[in-house]
Structure formats: C-alpha cells, structure tokens
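Read the structure below first, then the notes.
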Amino acid sequence: MLTITQLNQYYGGSHILRDVSLTVSAGACTVLLGRNGVGKTTLLKTTMGLVPSRSGSITLDGQDITRLAPHERVRLGIGYVPQGREIFNRLTVEENLLMGLAPISGRAARKVPEHILETFPVLKQMLRRRGGDLSGGQQQQLAIGRALAAGPRVLILDEPTEGIQPSIIKEIGTVIRRLVTTTQGSGQAMAVLLVEQYYDFAESLADSYAVMARGQITHAGPGSEMQPNNVRNLISI
C-alpha cells in the first residue's frame, strides 16, 4: 500500500535519513522502533510531505506522491496522528473531528461520521467540550478519530501511547487491530504504520517490524520474530 524507497533527508549539514526503504502493507500493522533521535519522526513527516525529501521516492498504492503537498496526500488516503496529538485546544471535540473532513466536499463534510463516534464512544459524550479540556488519553482518541474521519487507506501513528493511562492504551490497541483486520470501503483493510517507544504495545500489534538507528533501517522482519531476534535489546543499546 505504502512504499518508501531509498529516502534521504537532511537538516542543514546533518544527514538525517539515509537510504531508508520501508513497505507498509494493507491489512497489517508495521511497527517502526528505535531510540529517540534516530529519525523516526522525521521519516513520518517526510512521508506526509511536511518535510521535503532530498532524494528517493514514496508511492501510495503504486502512485508516486513524493512531491505532493500534505493535503494532497491526505486526499489520496493517508491519515496522520502526530506525536503530541496537536489537537485544536480551543475548538470543540466536534469541530476538531470536522477538521478531519477537510479533504471531503459537500454535505458529507458537515457531520461527524457515526463510525468515529462508535469507535470512540467517549467522544460522543463530549462533542460540545473544548479539546483542551479533555484528558491526555481522550485527546489521543480525538486525534486518532480526526485522522480516521476522511476514511484513509493508510494510518500513520507517532507514539500514540505517550503520556496516557493504561486503560486507554488498551483501547487504542483494540482499535488498531480492528482497523487492520476489517475491510474498508475500498475493499481492503487499512495499512497502519506505528512508531512506538512502548515495546510491549508495539510487539502485541506488529505484523512486521523495522528498527531504525542513525537514520537507517538496520533490522526488519515479521512481528513474530521480534522476540527471537532480541528486538527489545536492539532498541535499548
């Protein structure tokens, strides 16, 4: 579904991404692991077009999107939940969710899709509350709901468990697993790319994994091989 090929990116004179190649398949959760500062978030931002790539390519279902603007990538079917959530604190929950419908035109963009409220029932109870009044876990659910509102084919999540309580971590894991096992309107299940520091959460969801170090993918394989390959130790060195 999403293919990243030999991607390179620089900040000033620093070579941040070094020939990064990664495939994110439909109906699967691909987990990207690595210590802080190795380039994981930069890779996600480059994939979304928020940071330009120096070289390499990004394709979505065979279509080259390397030079497209972020809103064009969203319109083609990529949803993005950034690290830190980045909801609009002064807007209501409903208004935040409607922001996720910006790529859609017409009447469908005027009402929050019912499946979002079914996925996150707590949001239905808080539609009129400001986003800034929600707990950290509720804000994370709101950020994911906003990304799902337009019906993406690929969902990119940057550390969704950061700073939230265990009960909501479990709920988010259940939602992710449901997304990659349920057929969407396109006839395919969703592809999920998950960047995560919480190893146990990542391992529980991983259909495949990749480890980054110094801007490169150093290890990759099926999620079932994470324990045999001592991935926990690889990311703690």
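Per our numbering, residue 22 is the first one in the sequence shown, and the count goes up by one each step. We put the beta carbon where it would ideally sit given N, CA and C, even for glycine.
Work out the CA separation of residue j and residue i for me, nearest whole Å.
i: H240; j: V59; result: 14 angstroms
i: T68; j: Q146; result: 34 angstroms
i: D221; j: T113; result: 33 angstroms
i: N250; j: R235; result: 20 angstroms
i: K61; j: Y101; result: 14 angstroms
i: L89; j: M211; result: 21 angstroms
i: R151; j: F109; result: 8 angstroms
i: I79; j: L38; result: 14 angstroms
i: L64; j: L200; result: 22 angstroms
i: K132; j: A171; result: 11 angstroms
i: G4; j: K66; result: The question about residue 4 has no answer, for the chain in this structure spans 22 to 258.
Assign residue i to buried or exposed, taking buried as 16 or more other Cβ atoms, counted over all protein chains shown, within 10 Å of its Cβ.
i: G34; result: exposed
i: G157; result: exposed
i: A49; result: buried
i: P173; result: buried
i: E180; result: buried
i: Q27; result: exposed
i: Q84; result: exposed
i: G153; result: exposed
Can you give me the start and stop residues for the alpha helix (DSSP H) that residue i sits inside?
i: A168; result: 157 to 169
i: Q146; result: 142 to 146
i: V175; result: V175 -> not in any alpha helix (DSSP H); beta strand (DSSP E) instead, spanning 175 to 179.
i: V95; result: 91 to 97
i: T7; result: In the structure as shown, the chain starts at 22 and stops at 258, and residue 7 therefore has no counterpart that could be examined.
i: N251; result: Premise fails: N251 is in no alpha helix (DSSP H) and is neither H nor E.
Are residue i and residue j touching if we call contact CB-CB under 8 angstroms?
i: L81; j: G98; result: yes
i: V232; j: V213; result: no
i: L163; j: L144; result: yes
i: R96; j: P142; result: no
i: I190; j: L169; result: no
i: G244; j: S229; result: yes
i: G70; j: P103; result: no
i: L215; j: L178; result: yes
When you compare each of the options to residue i by their alpha carbons, which one comes out closest?
i: E115; options: Q104, S188, E135, V102; result: E135
i: E246; options: V102, V52, R198; result: V52
i: V175; options: E107, S46, Q27; result: S46
i: G194; options: E217, K66, T204; result: E217
i: A223; options: R198, L64, R111; result: R198
i: S42; options: Q237, G244, S229, L178; result: Q237
i: Q160; options: I177, E183, E139; result: E183
i: H36; options: S76, T24, T44; result: S76
i: E107; options: P187, V196, N254, L155; result: L155
i: P187; options: Q209, Y219, T202, R167; result: Y219
i: L23; options: T44, G166, P73, Q30; result: T44
i: N254; options: G55, Y32, D40, E139; result: G55
Along the beta strand (DSSP E) that carries residue i, what are the first and last residues, could you check?
i: L81; result: 76 to 81
i: R39; result: 35 to 45
i: V59; result: No beta strand (DSSP E) contains V59, which DSSP labels as neither H nor E.
i: S229; result: 229 to 234
i: V216; result: 212 to 216
Tell me whether residue i counts as near the ligand FAD, meaning its Cβ is closer than 7 angstroms to at least one heavy atom of that ligand.
i: T202; result: Here there are no bound small molecules, and the ligand FAD is not part of this structure.
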